[in-house]
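**Q** Please find one structure pasted underneath; my questions will follow.
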Amino acid sequence: MQLKLLAKLPYHLLALKDLPTFTPTAMLFKPWNEQPSPRHIIQGDSSAGLDAIPSVDINLDQTLTKVEYFVISPHNTKSLVEALPKGQKIGAIKISFPKSIVEDVTEDTFDEDEQLYTAIEEKIKANSYGTYEIDIWKNTDSITSVAVPRFKEAIVNNFLARKLVEKFSDLVQSWVILSLCEIKYGDILNRLDINDTSEKVKVYSSVPSLKPPHFISGISASLHAQLKKNPGTSLFSIVVRSEGNLGYERINVESLLEGGYVLSEIFGKDFDNKSYIGNVTNSSKALHQGYGSSMYI
């Protein structure tokens, strides 16, 4: 009779009746003690103490009274500078870090608590800071140029740009800055104007302006930031089409040729356009052959 009553009970009551009894227990939720570090913070031990301020010294072998065009190029577009007449070296820029940062440690000391060789850490830090020497060339009576190498320490760009503007701002009539950017599809070349309202060369004025969200970086961006502080500065800013990781961009050959043509027009009638365009073309061919069939993965 009891079985028949159980059978008549609803299914959920029957299921609850058959379940074994249990004693409730408390559950402890342990909070995380460490939050993940923001992505912009570099956690590497070798770069965690990046507190070194580079020293930038500009030494000229001769006194300059006027620089009509001062051409500054990053490493990737240096072929546009090297295609200029050779001229003569008139000075150098030396960039170094404090001796306390780059000095090597001779004795290994072992920390039993941290289990680290501090000497090895110091050697890694010493190799992270380099010394650079950049030549300053007077290509013609009106053109002076500097090809800036790629720095492992990005902070050097800011200090170098500040020093260049301080040294040459009273001498330079027109700054010519080359930059790199993955510019808008369909554009071969762009220009970037900041606060200059003077009349420009017709060919340069016909180049489309660089628009957001596209941007430049490196020494070119640092120079633009410094020149922005000097209203009325005459600036020719040519942005060459490129693609790839910052500092290791692959240059568009057609854009490089177009940039050379615009530069030759900026330098005026007294400049040997034909010879310069020929040098740019030859360097572009070598650049194109060097690329081969490479592909970014």
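Residue numbers (numbering that gives the first Met the number 0): 0 to 296.
Where is the CB? At the ideal position from N, CA and C, for every residue including glycine.
Note that the coordinates shown come from a computational prediction; the quantities given were computed from them, not determined experimentally.
1) How is Q87 classed by DSSP in three states: helix, strand or coil?
2) Output the distance between the C-alpha atoms of H223 and I193, rounded to the nearest integer angstrom.
3) If I'm right that N188 touches S233 with Cβ under 8 Å, what's the distance once you round it to whole angstroms?
4) Answer yes or no: do I133 and Y68 have a C-beta to C-beta separation smaller than 8 Å?
5) Between which residues of its own chain and L144 is the CB-CB distance below 7 Å, once the five residues before and five after are set aside?
6) Can you have a look at S282 and say buried or exposed, based on whether 16 or more other CB atoms are within 10 angstroms of its CB?
7) Are there 16 or more other CB atoms within 10 angstroms of the CB of N75, so buried, or fewer, so exposed?
8) Using a Cβ-Cβ cut-off of 7 Å (strictly less than) and excluding sequence neighbours within five positions of P97, which residues of its own chain qualify?
9) Mind listing, in chain order, the continuous alpha helix (DSSP H) runs of no fewer than 4 residues lying wholly within the stretch 183-223?
10) Report the three-state DSSP secondary structure of K137 (helix, strand or coil).
11) Would I218 and L159 qualify as a contact pair, given that the criterion is a beta-carbon distance under 8 Å?
12) Could you name the residues of the same chain whose beta carbon sits closer than 6 Å to that of S95, not counting the 5 residues immediately before and after it, in chain order?
13) With a 10 Å radius around its C-beta and 16 neighbouring C-beta atoms as the bar for buried, classify S263 as buried or exposed.
14) Have a look at K227, F167, K183, F235 and flag the residue whose alpha-carbon is nearest the alpha-carbon of R190.
15) Using three-state DSSP, classify Q225 as helix, strand or coil.
16) Short check: CB of L209 to CB of I237, under 8 Å?
**A** Taking the geometry as given:
1) Residue numbering aside, residue 87 sits at position 88 when the sequence shown is read from its first letter. DSSP places Q87 in strand when its eight states are reduced to three.
2) Taking the sequence shown and counting its residues from 1, the one referred to as residue 223 is at position 224. Taking the sequence shown and counting its residues from 1, the one referred to as residue 193 is at position 194. The straight-line gap from Cα to Cα measures roughly 8 Å.
3) Taking the sequence shown and counting its residues from 1, the one referred to as residue 188 is at position 189. Taking the sequence shown and counting its residues from 1, the one referred to as residue 233 is at position 234. In the sequence as displayed, the identity of residue 188 is Leu instead of Asn. Between L188 and S233 the beta-carbon gap is near 19 Å, outside 8 Å, which marks them as no contact.
4) What you label residue 133 is simply residue 134 of the sequence shown in a count that begins at 1. What you label residue 68 is simply residue 69 of the sequence shown in a count that begins at 1. No, these two residues do not count as a Cβ contact at 8 Å.
5) As a position in the sequence shown, residue 144 is number 145, starting the count at 1. Note that residue 144 is Ser in the sequence shown here, rather than Leu. Only V70, V80, L83, W136, N138 meet the Cβ criterion.
6) Counting from 1 along the sequence shown, the entry for residue 282 is found at position 283. By the 10 Å Cβ count, S282 comes out buried.
7) Start at 1 with the first residue of the sequence shown, and residue 75 comes out as number 76. Buried: at least 16 other Cβ atoms inside 10 Å.
8) The residue given as residue 97 occupies position 98 in the sequence shown. Once the five neighbours on either side are set aside, the close Cβ partners of P97 are A51.
9) 201-204
10) On the sequence shown, position 138 is the one that residue 137 refers to. Three-state DSSP puts K137 in a strand.
11) In the sequence shown, counting from the first residue as 1, residue 218 sits at position 219. In the sequence shown, counting from the first residue as 1, residue 159 sits at position 160. Yes, the Cβ-Cβ distance between I218 and L159 is below 8 Å.
12) Here residue 95 corresponds to residue number 96 of the sequence shown, with the count starting at 1. Excluding sequence neighbours, S95 sits near S54, T130.
13) As a first step, residue 263 must be located in the sequence shown, where it is residue number 264. S263 should be labelled buried.
14) The residue given as residue 190 occupies position 191 in the sequence shown. Nearest C-alpha to R190 among K227, F167, K183, F235: F235.
15) The count along the sequence shown starts at 1 and reaches residue 225 at position 226. Helix.
16) On the sequence shown, position 210 is the one that residue 209 refers to. On the sequence shown, position 238 is the one that residue 237 refers to. No. Outside cutoff.
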